[in-house]
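Notes follow the structure.
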Amino acid sequence: AQTVTQSQPEMSVQEAETVTLSCTYDTSENNYYLFWYKQPPSRQMILVIRQEAYKQQNATENRFSVNFQKAAKSFSLKISDSQLGDTAMYFCASGHYGGSQGNLIFGKGTKLSVKP
Amino acid sequence: SQTIHQWPATLVQPVGSPLSLECTVEGTSNPNLYWYRQAAGRGLQLLFYSIGIDQISSEVPQNLSASRPQDRQFILSSKKLLLSDSGFYLCAWGKGGRSYEQYFGPGTRLTVT
Chain A
1 AQTVTQSQPE MSVQEAETVT LSCTYDTSEN NYYLFWYKQP PSRQMILVIR
51 QEAYKQQNAT ENRFSVNFQK AAKSFSLKIS DSQLGDTAMY FCASGHYGGS
101 QGNLIFGKGT KLSVKP
Chain B
117 SQTIHQWPAT LVQPVGSPLS LECTVEGTSN PNLYWYRQAA GRGLQLLFYS
167 IGIDQISSEV PQNLSASRPQ DRQFILSSKK LLLSDSGFYL CAWGKGGRSY
217 EQYFGPGTRL TVT
């Protein structure tokens with residue numbers, strides 16, 4: 001069975017600084033996707049970034065980037081130049097090819113607070 | 117562009133009352149649809165998913181049920197609510213196939229009293 005672990009329940013960072021959120025996963029699949037979702041106080045889940053396991057290059061979306069270490073099954077999220085609007089819960093998730101249901105496995109989340 | 121709607125946004129219901137939460141998707145056809153529950157301070161629990169009309173799979177046995185009467189409509193129901201059904205309910209859609217990201221609706225906050 002797939003599992004996703006986020007070992008940091010809470011983190012804080014000063015505005016404009018950089019923070020890294022950790023995620024490890026376990027899967028027996030060779031082909032899979034990894035995601036980071038953001039859930040701000042409004043509680044709507046927003047897709048931040050995705051990584052395809054067969055791609056070695058780390059994904060980047062503006063201030064958000066990942067460090068994907070396939071052998072270590074690690075998928076961390078780096079937020080550069082943190083902004084107050086980045087305050088949210090962040091969830092790591094994995095999904096694998098095969099079948100059509102596309103189910104995702106979510107970690108329990110990391111609560112990030114950006115301080116002015 | 118695709119959008120996903122959920123209603124109601126908030127709901128307060130007494131124990132033993134029925135429940136109906138609705139989710140609709142616009143701008144796409146034949147989406148995969150999902151219902152999740154999020155208890156306070158916790159992660160997401162997948163409740164149901166559907167790959168097509170009348171094709172529903174349950175992940176967690178409980179007193180909830182789901183239906184998909186139309187391609188882009190997904191309904192979460194209960195005949196008799198329990199206190200433990202309180203939580204934040206999220207609907208999501210996905211393209212399925214080789215694209216596994218899911219897109220979430222705004223959610224419904226359910227309080228069972």
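Here the protein sequences come in this chain order: A and B. Under this note's numbering, read the first sequence as residues 1 to 116, first letter to last. Under this note's numbering, read the second sequence as residues 117 to 229, first letter to last. Glycine residues also receive a C-beta, built at the ideal position from the N, C-alpha and C atoms.
Relative to Ile46 (chain A), the option among A:Lys108, A:Ala88, A:Ser22 and A:Leu112 whose CA is nearest is A:Ala88.
At least 9 Å separates the CB of Met11 (chain A) from every CB of chain B. For Asn30 (chain A), no Cβ of chain B is located within less than 9 Å of the residue's own Cβ.
For Cys139 (chain B), the uninterrupted beta strand (DSSP E) segment begins and ends at Leu135 to Glu142. With three or more CB-CB distances shorter than 8 Å, the segment 182-201 of chain B counts as touching the segment 134-149 of chain B. In summary, the residues of the segment 43-68 of chain A whose CB is separated from some CB of chain B by less than 8 Å are Arg43, Gln44, Met45, Ile46, Leu47 and Arg50, in the order they occur in the chain. The C-beta separation of Gly223 (chain B) from Leu206 (chain B) comes to about 5 Å, placing the pair in contact by the 8 Å criterion.
Secondary structure note for Met45 (chain A): it is in no beta strand (DSSP E), with a DSSP letter that is neither H nor E. Arg153 (chain B) is classed as buried because its beta carbon has at least 16 other beta carbons within 10 Å across all chains shown.
Taking 9 Å as the CB threshold, Leu112 (chain A) stays off the interface with chain B.
Counted as a single uninterrupted DSSP element, the beta strand (DSSP E) harbouring Val19 (chain A) occupies residues Val19 to Leu21. DSSP, read as helix, strand or coil, puts Leu197 (chain B) in coil. Any Cβ of chain B closer than 9 Å to the Cβ of Gly109 (chain A) would place that residue at the interface, and such an atom is present. When Cβ-Cβ separations below 9 Å define contact, Gly85 (chain A) makes no contact with chain B. Only exposed fits Gly132 (chain B), as fewer than 16 other CB atoms lie within 10 angstroms of its CB. In the three-state reduction of the DSSP assignment, Gly132 (chain B) falls in the coil class.
Between Leu34 (chain A) and Ser94 (chain A), the gap from beta carbon to beta carbon is short of 9 Å.
In terms of CA proximity to Gln2 (chain A), A:Ser28 leads the group A:Ala71, A:Ser28, A:Ala53 and A:Ser65.
Within the segment 21-96 of chain A, no run of alpha helix (DSSP H) reaches 4 residues while sitting entirely inside it.
For Leu127 (chain B), no chain A residue has a C-beta closer than 8 Å to its own C-beta; the minimum C-beta separation is roughly 14 Å. Taking each of A:Ser80, A:Thr5 and A:Ser12 in turn and checking the Cα distance to Lys111 (chain A), the smallest one comes out for A:Ser12.
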